[in-house]
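Step one of this worksheet: look at the structure below.
What follows is the structure in structure tokens.
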């Protein structure tokens, strides 16, 4: 199935969001930052090493897709030809449900623009 068409099977409940935050904090916060702005402690070292800047997950410009399915695939498979963002697929203890929970959590980081 194409990533864009994938539907999140996990409802965005407070429990799911909290679970997603726990996984995010462990695997993503160091680059994307505590609030998802791409300003984690490792973000500067990526740029210094010639890697792309960590994505700001709070804005409305998503270079690698913005549907739940696309976000899930990015988390699962990683992003970038140089492998700057490693995917979580195959990580011990990480299930598809964990990654869908992360999608739900990441959605809470996005700043809603006003018309």
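Residue numbers (the working numbering): 7 to 121. Don't be surprised by glycine CBs; every beta carbon is placed ideally from N, CA and C. Since the structure is predicted, the reported quantities are computational estimates derived from the model, not experimental observations.
What's the C-alpha gap between residue i and residue j?
i          : j           : result
residue 92 : residue 116 : 22 Å
residue 82 : residue 47  : 22 Å
residue 44 : residue 70  : 15 Å
residue 18 : residue 50  : 32 Å
Determine the extent of the alpha helix (DSSP H) in which residue i is found, giving its start and end residues.
i           : result
residue 95  : First-last for residue 95: undefined, no H or E at that position.
residue 7   : Element bounds for residue 7: n/a, residue is neither H nor E.
residue 109 : 102-115
Under 7 Å Cβ to Cβ from residue i, same chain only, skipping five residues before and after it: list those, please.
i          : result
residue 16 : 22, 103, 106, 107 and 110
residue 33 : 94
Might you give, ordered along the chain, the residues of its own chain that have their beta carbon closer than 6 Å to the beta carbon of residue i, omitting 5 neighbours on each side?
i         : result
residue 9 : 75, 76 and 79
Hey, which unbroken runs of the alpha helix (DSSP H) at 4 residues or more fall wholly within the stretch 9-74? Fully enclosed alpha helix (DSSP H) runs of 4 or longer: 20-33, 35-38 and 49-54.
Looking at C-beta atoms only, is the number of pairs between the stretch 68-82 and the stretch 40-55 that lie closer than 8 Å three or more? The answer is no - the stretch 40-55 does not touch the stretch 68-82, with fewer than three Cβ pairs under 8 Å.
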